[in-house]
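Residue numbering for the sequence shown follows my numbering, beginning at 2 and increasing consecutively. Even glycine gets a Cβ: it sits at the ideal position worked out from N, Cα and C. This one's a predicted model, so the numbers in the text were calculated from it and none came from an experiment.
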Amino acid sequence: MITFKSNILQTLNKNEINFQKNIYITIDNESGKIVSISQNIPANTHYLDYSKYLLIPGLIDTHVHLSQYFIRGKQSPSLIDWLNKYVFAEEKKSQNDQYAALVASSFFKDMIKSGTTTASIYTSVFKNSTDIAFKTADKFGVRALIGKVMMDCNCPDFLKEDSKKSFDESVELFEKWNQKTKLLDYVFTPRFAPVCSSKLMKKIGDFSSKNNAFIQTHLSENWDEMNWIKNLFPENESYTDVYFDNGILGEKSILGHAIHLNKREIDLLEKSQSKIAHCPESNFFLKSGKFNWHKISQSGIDFGLASDVGAGTILSMLNSMKMASFRQDLDLIELSEIFYSATLGAAKVLSKENLIGSIEIGKEADLVFVSGFNLEEKTGEEILSELVYLWNEKQIYSVYVSGNKLL
Ligand code: GUN
Ligand code: FE
């Protein structure tokens, strides 16, 4: 057992900030779970005095590209131009095991330093790079969903996969890694509809529904992309309909961006209980547009925040919170809802709300201690506002996943 004395800041729903000062939190090392949260010191207990720090739930990134970690900050006029100019060439480099290992270790090291304890990760089309990402995640002790990117058409020959091979290799990785440890899941990763045949998408959808597997992809990010979809799938009434038709939507499907949606698309996503990963900094960077936060929030679709590195420039989910606020240039998002979308709301997107996302008895101890706050005479709201707008990466003092100290 290990006990901390600290100050919890969290949101247990979209509307309320929960701030508790000088609280004793006890973790069972064996199970990695929180076993007690109390205002009093549990009897005969030594505790670590972290009372000058803020304690927040481990932050959750619902959409990020590990294999793009080294090409952040490459300005481009739009998504397709950026993919062709920088991304595909970079992802090819992960064919080399040494390079893939270097990218993975840099990525997870920085992910921990930014206070992110869970991420849903895209690698490259290469099976080995995905295998290496899993091994590295396991070594670093983070919680991760990881998937091999799938592309079997309309992309450069050096990345284009044979359709059957793409599927078979993904299933192999699923069988090897999905829930191999309690921290790891496999996520099927068809990059986006323009580069995946219907045949491939249907096989993924079918496998996923039979095996309760995660799927992640991109949806409705950019106007060029949407015009491309119209040409490729003229019989479908919308981009979302393409995924619906090919069996990609569902409770365990995480759709990145989802910016330019009409009412019917929102209904399709809601009915299928699909989830959205909102990537505010990336949407600024690639001039993709404004995510309709309030409409989606009112629709009942679960959505969470995401860095979308390498179109995001930094892994920090504190940065994503700030960008989410700024992205809604004329409308206010309540601080509680911003924080929720990087913690418990994001956990819901990954179907892990019973395990992570908040600091409660019975949950896994994924914890982040943050330094540099004067906690005296401040409300939870004031402190959260400072966390969102004045954050600094150096303030991430200590990070735990499932009770294990990673930083
Ligand atoms: N759409 C298809 N691939 C990608 C990618 O790698 N990044 C982003 N932001 N959008 C995509
Ligand atoms: Fe992305």
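- Item | Beta-carbon contacts of SER198 that lie in its chain and below 8 Å, excluding the five residues immediately before and after | Reading the sequence shown from its first residue, position 197 is the one you call residue 198. If we look at SER198 and ignore the five residues flanking it on each side, its Cβ neighbours are ASP153, CYS154, SER164.
- What first and last residue would you give for the alpha helix (DSSP H) that runs through ILE122? Reading the sequence shown from its first residue, position 121 is the one you call residue 122. That residue, ILE122, is in no alpha helix (DSSP H); its beta strand (DSSP E) goes 117-123.
- Compare the beta carbon distance of ASP225 and SER79 with 8 Å and say whether it is the shorter of the two. In the sequence shown, counting from the first residue as 1, residue 225 sits at position 224. In the sequence shown, counting from the first residue as 1, residue 79 sits at position 78. By the CB criterion at 8 Å, ASP225 and SER79 fall inside the cutoff.
- Among residues of its own chain, excluding the 5 on either side of ARG328, which ones have a beta-carbon nearer than 8 Å to its beta-carbon? Numbered from 1 along the sequence shown, position 327 holds the residue referred to as residue 328. Sequence-distant Cβ neighbours of ARG328 in its own chain, meaning closer than 8 Å and more than five residues away, are PRO281, ASN284, PHE285, LYS291, PHE292, TRP294.
- Any non-hydrogen atom of the ligand FE closer than 7 Å to ALA120 Cβ: One-based indexing of the sequence shown puts residue 120 at position 119. The nearest non-hydrogen atom of the ligand FE is 7 Å or more from the C-beta of ALA120.
- Message: Taking 8 Å as the cut-off, does the stretch 319-328 touch the stretch 347-367 (at least 3 CB pairs, one atom from each stretch)?
- Response: No, the stretch 347-367 does not touch the stretch 319-328.
- Query: DSSP on GLY251, reduced to helix/strand/coil?
  - Reply: The residue given as residue 251 occupies position 250 in the sequence shown. Three-state DSSP puts GLY251 in coil, outside helix and strand.
- Message: Let me check you understand the geometry: is the CB of ALA366 closer than 7 Å to at least one non-hydrogen atom of the ligand GUN?
- Response: Residue mapping note: residue 366 aligns to position 365 of the sequence shown, counting from 1. No, the beta carbon of ALA366 sits no closer than 7 Å to any heavy atom of the ligand GUN.
- Taking contact to mean at least 3 C-beta pairs separated by less than 8 Å, is the stretch 28-37 in contact with the stretch 328-348? Pairwise C-beta distances place the stretch 28-37 out of contact with the stretch 328-348, as fewer than three of them are shorter than 8 Å.
- Message: Quick check: does the Cβ of GLU222 come within less than 7 Å of any heavy atom belonging to the ligand GUN?
- Response: For this step, residue 222 is matched to residue 221 along the sequence shown. Yes; taking the cut-off as 7 Å, the Cβ of GLU222 has a heavy atom of the ligand GUN nearer than that.
- Item | PRO195 classed as buried or exposed, judged by whether at least 16 other C-beta atoms fall within 10 angstroms | Residue numbering aside, residue 195 sits at position 194 when the sequence shown is read from its first letter. Buried.
- Message: So if I measure from each beta-carbon to every heavy atom of the ligand FE and keep distances below 5 Å, which residues remain?
- Response: Ordered along the chain, residues surrounding the ligand FE are GLY257, ASP309 [Cβ under 5 Å from any heavy atom].
- What are the boundary residues of the alpha helix (DSSP H) that TYR390 is part of? Counting from 1 along the sequence shown, the entry for residue 390 is found at position 389. That run of the alpha helix (DSSP H) goes 381-391.
- Message: So the candidates are GLU383, GLN299, ALA138; which of them puts its Cα closest to the Cα of ASN179?
- Response: Within the sequence shown, numbered from 1, the residue matching residue 179 stands at position 178. Its Cα nearest to that of ASN179, the residue ALA138 stands out among GLU383, GLN299, ALA138.
- With a Cβ-Cβ cutoff of 8 Å, do LEU60 and GLY116 count as a contact? By one-based count along the sequence shown, residue 60 stands at place 59. By one-based count along the sequence shown, residue 116 stands at place 115. For LEU60 and GLY116, yes; Cβs fall inside 8 Å.
- Message: According to DSSP, simplified to helix, strand and coil, what is GLN180?
- Response: Position 179 of the sequence shown, counted from the start, is the residue given in the question as residue 180. DSSP places GLN180 in coil when its eight states are reduced to three.
- Query: What is the residue span of the alpha helix (DSSP H) that ASN320 lies within?
  - Reply: For the purposes of this step, residue 320 is taken as the residue at position 319 of the sequence shown. 318-328 is the extent of the alpha helix (DSSP H) around ASN320.
- Taking just the CA atoms, how far does SER121 sit from GLY313? Within the sequence shown, the letter at position 312 stands for residue 313. Within the sequence shown, the letter at position 120 stands for residue 121. If I take the Cα positions, the gap works out to 14 Å.
- Task: Give the straight-line distance between the Cα atoms of HIS64 and GLU378, rounded to the nearest whole angstrom.
- Result: Reading the sequence shown from its first residue, position 63 is the one you call residue 64. Reading the sequence shown from its first residue, position 377 is the one you call residue 378. If I take the Cα positions, the gap works out to 37 Å.
- Thinking C-beta only, is LEU220 closer than 8 Å to HIS279? Position 278 of the sequence shown, counted from the first residue, corresponds to residue 279. Position 219 of the sequence shown, counted from the first residue, corresponds to residue 220. In this structure, HIS279 sits away from LEU220, with a CB-CB distance that is not shorter than 8 Å.
- Could you give the distance in angstroms between the alpha-carbon of GLY206 and the alpha-carbon of ILE18? On the sequence shown, residue 206 is found 205 positions in, with the first residue counted as 1. On the sequence shown, residue 18 is found 17 positions in, with the first residue counted as 1. Approximately 38 Å between the Cα atoms of the pair.
- Item | Local Cβ density within 10 Å of LYS272, reported as buried at 16 or more and exposed below that | Counting from one through the sequence shown, the residue named residue 272 turns up at place 271. Burial call: exposed.
- Message: Let's test the definition: count the other Cβ atoms within 10 Å of the Cβ of TYR390 and tell me whether it reaches 16, buried, or not, exposed.
- Response: The residue you call residue 390 lines up with position 389 of the sequence shown. Answer is exposed; the Cβ neighbour count stays below 16.
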